[in-house]
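Residues 12 to 94 in the working numbering are what the sequence shown spells out, letter by letter.
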Amino acid sequence: MSQVVLAKKLHISKQSVSNWENDNIVPSVEMLSRLALALDVSTDWLLELDDRDYLEVSNLPPEQLAHIQMLIDDLRSCGCKDK
Numbered sequence: 012m013s014q015v016v017l018a019k020k021l022h023i024s025k026q027s028v029s030n031w032e033n034d035n036i037v038p039s040v041e042m043l044s045r046l047a048l049a050l051d052v053s054t055d056w057l058l059e060l061d062d063r064d065y066l067e068v069s070n071l072p073p074e075q076l077a078h079i080q081m082l083i084d085d086l087r088s089c090g091c092k093d094k
């Protein structure tokens, strides 16, 4: 996402986004929350406190969720680790 697009989503200036990216300023707590919502990530992820990967499965029906869970369980049990 470009700085311009993000700035428009948050109703702020492109310069503010640029300043965050260049570590010139940090967003306020309120803006951090708005950023997380706009980017569909957690505030912990934005603050680099959580580096776990997530899959968005909220709108899947239960039977599809069950299949995904079985795949995950199978992958974890095979002992195969990506190196």
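Backbone N, C-alpha and C define an ideal beta-carbon position, used for all residues, glycine too.
Since this is a predicted model, take the numbers as computed values, not measurements.
Answer yes or no: do Lys25 and Val15 have a C-beta to C-beta separation smaller than 9 Å? Working through the sequence shown from its first residue, we reach residue 25 at position 14. Working through the sequence shown from its first residue, we reach residue 15 at position 4. It is a contact, given that the beta carbons lie within the stated cut-off.
Restricting to Cα atoms, I'd like to know which of Asp51, Val52, Leu57, Lys20 is closest to Pro38. Along the sequence shown, one-based indexing puts residue 38 at 27. When each option's Cα is compared against that of Pro38, the closest is Leu57.
Taking the alpha-carbon of Leu46 as reference, which of Asn33, His78, Val28 has the nearest alpha-carbon? As a position in the sequence shown, residue 46 is number 35, starting the count at 1. It is Val28 whose Cα lies nearest to the Cα of Leu46.
If we ignore side chains and look at the alpha-carbon of each, how far apart do Arg63 and Leu50 end up? In the sequence shown, counting from the first residue as 1, residue 63 sits at position 52. In the sequence shown, counting from the first residue as 1, residue 50 sits at position 39. Each residue's alpha carbon lies about 16 Å from the other.
Residues of its chain near Thr54, where Cβ-Cβ distance is below 7 Å and the 5 sequence neighbours each way are ignored: Stepping through the sequence shown from its first residue, residue 54 is reached at position 43. Result list for Thr54: Leu43, Ser44, Ala47, in chain order.
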